[in-house]
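Comments concern the structure below.
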Amino acid sequence: MKDEYTIGQLAKNSGVTVETVRFYVQKGLIKQPTPKSGYRKYSFDDIIKIKFIKRAQYLGFTLNEAKELLELRVNNRARCGQVKVKAEQKLDEVEKRIKDLNIMKRSLKKMINSCSNDEKFVTECPILECFEKDKRC
């Protein structure tokens, strides 16, 4: 495994774009290396950090939350319980989002079922009426 990567190599090996790498540097998620021989060279650890961030995002963590997790990862005094609390908080958010999505799903199904005649003009469309009126459909 190489020890040094250009920004393009880092992006390719991490599965992100160069723009994403630059954005992560701007947000302080990864450090911009000091130029050597005119090029900024990133490390293998930066690849690991970017993959860590992408996995955290996949699980619903924001970039700020991923940054906090990265900071905990390198803090020798941090405890697993601190990470667990963050994961539990994220799970609570996900469960609330699922509940909200299920409510939206039921509402959409109800609106679709209320539209029994595809030949009606839009002025009589029950779906549009639901959006116009202040009522649950």
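Numbering (the numbering used here), first residue to last: 1 to 137. No residue lacks a Cβ here, since even glycine has one placed at the ideal position from N, Cα and C.
Of the residues assessed, tyrosine 39 falls on the exposed side of the cut-off, its CB having fewer than 16 other CB atoms within 10 angstroms. Judged by DSSP in its simplified three-state form, arginine 77 adopts coil rather than helix or strand. For proline 35, the pairing in a beta bridge is given by DSSP as Arg40. Under DSSP, tyrosine 5 takes part in a beta bridge, and its partners are Tyr42. Contact between the stretch 27-35 and the stretch 46-66 is established, with three or more Cβ pairs separated by less than 8 Å. Runs of the beta strand (DSSP E) lying entirely within the stretch 42-122 and spanning at least 3 residues: none are present. The same chain holds no residue with a CB closer than 8 Å to that of arginine 79 once the five nearest residues on each side in sequence are set aside. Per DSSP, isoleucine 127 is one residue of the alpha helix (DSSP H) stretching across 126-132.
In terms of CA proximity to glutamine 89, Leu59 leads the group Leu59, Met104 and Gln9.
From the listed residues Val85, Ile53, Lys41 and Ile48, the smallest Cα separation to phenylalanine 23 is found for Ile53. The C-beta distance from isoleucine 50 to valine 18 rounds to 12 Å, too long to fall under 8 Å, and the pair is not in contact.
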